[in-house]
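Trainee:
In the UniProt record's numbering, the protein residues as written are 1 to 231.
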């Protein structure tokens, strides 16, 4: 019986491990730890000169963006660290980095846990919700626009990833900036949403990097990544 019990336990662990998904990841912190409504200013009013000017910027982007830019924005709608593969090299692969992957799943979940409550407080309408002239090329969203969650998580991932691989900091942070900017290219965010996302991501990353529970998982993920990259 003991032999079968051990076998059953092993199979259970195998099934649980193989079916684990990113949505099962737990955030490191929530808005109880970082309250963005106490850090960021409120968004400009819908009828303000600033919002009207930004709407003009979104519309200008709409008529100047190229098919290649649109394709890049559509691809960057996916919120995960693997969007940095183009600057990390061919060995930057989810299948090769299970611990690193699980770690960054938690980083992504942390963004939502901190940013979404703030979005719900401010409820800034997206550009396409204020003007029928705006035609986003990415998936539509009705959540609050301020701050941009994509810009937030892109900045978080960029800071943490470049801390793991400082040899590529310039390329990683440039990619993080592009990740946020592509929300403007995609027509789903105002420029100021993205700027507030960069601030939010920087604040959250700074808090995470000073937490013992975060650093314990960070060290494991960093070691796996650098080994895989031959560093």
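Think of the CB as a built atom: it goes at the ideal place given N, C-alpha and C, for glycine as much as any other residue. Just so you know, these numbers come straight off a predicted model, no measurement behind them.
Could you give the residue range of the alpha helix (DSSP H) that holds residue 60?
Mentor: Numbered from its first residue, the chain shown carries residue 60 at position 60. Run containing residue 60: 49–64, per the alpha helix (DSSP H) assignment.
Trainee: Throw me the rounded Cβ distance for the residue 28 and residue 214 pair, which I believe falls under 8 Å.
Mentor: Reading the chain shown from its first residue, position 28 is the one you call residue 28. Reading the chain shown from its first residue, position 214 is the one you call residue 214. With 8 Å as the limit, residue 28 and residue 214 qualify as a contact, their Cβ atoms being about 5 Å apart.
Trainee: According to DSSP, is residue 69 helix, strand or coil?
Mentor: Here residue 69 is taken as the residue at index 69 of the chain shown, counted from 1. DSSP places residue 69 in helix when its eight states are reduced to three.
Trainee: Can you give the Cα-Cα distance for residue 191 and residue 81, rounded to whole angstroms?
Mentor: In the chain shown, residue 191 corresponds to position 191, counting from 1. In the chain shown, residue 81 corresponds to position 81, counting from 1. C-alpha separation (whole angstroms): 22 Å.
Trainee: Could you give the first and the last residue of the continuous alpha helix (DSSP H) run that contains residue 122?
Mentor: Counting from one through the chain shown, the residue named residue 122 turns up at place 122. Per DSSP, residue 122 belongs to the alpha helix (DSSP H) from 98–122.
Trainee: Taking the beta carbon of residue 166 as the centre, do at least 16 other beta carbons fall within 10 Å, making it buried, or is it exposed?
Mentor: As a working note, residue 166 is residue 166 in the chain shown. Exposed: under 16 other Cβ atoms inside 10 Å.
Trainee: Quick one: is residue 54 buried, meaning 16 or more other Cβ sit within 10 Å of its Cβ, or exposed?
Mentor: Start at 1 with the first residue of the chain shown, and residue 54 comes out as number 54. Residue 54 comes out buried.
Trainee: Taking C-beta to C-beta, are residue 164 and residue 222 nearer than 8 Å?
Mentor: Within the chain shown, the letter at position 164 stands for residue 164. Within the chain shown, the letter at position 222 stands for residue 222. Yes, these two residues count as a Cβ contact at 8 Å.
Trainee: Looking at C-alpha atoms only, which residue of 132, 159 and 129 is the closest neighbour of residue 209?
Mentor: Along the chain shown, one-based indexing puts residue 209 at 209. Taking only the C-alpha atoms, the option nearest residue 209 is 159.
Trainee: Give the DSSP-derived three-state secondary structure of residue 135 in the structure shown.
Mentor: Indexing the chain shown from 1 puts residue 135 at position 135. Reduced to three states, the DSSP call for residue 135 is coil.
Trainee: Starting from residue 128, trace the alpha helix (DSSP H) both ways and give me its first and last residue.
Mentor: Numbered from its first residue, the chain shown carries residue 128 at position 128. Unbroken alpha helix (DSSP H) run through residue 128: 127–130.
Trainee: Under a Cβ-count criterion, where at least 16 other Cβ atoms within 10 Å of its own Cβ denotes burial, should residue 227 be classed as buried or exposed?
Mentor: As a first step, residue 227 must be located in the chain shown, where it is residue number 227. Classification for residue 227: exposed.
Trainee: Going straight from the alpha carbon of residue 140 to that of residue 188, what length do you get?
Mentor: The residue labelled residue 140 in the question sits at position 140 within the chain shown. The residue labelled residue 188 in the question sits at position 188 within the chain shown. Whole-angstrom Cα-Cα distance: 7 Å.
Trainee: Can you tell me which of the three DSSP states residue 218 falls into?
Mentor: Position 218 of the chain shown holds residue 218. Helix, per DSSP.
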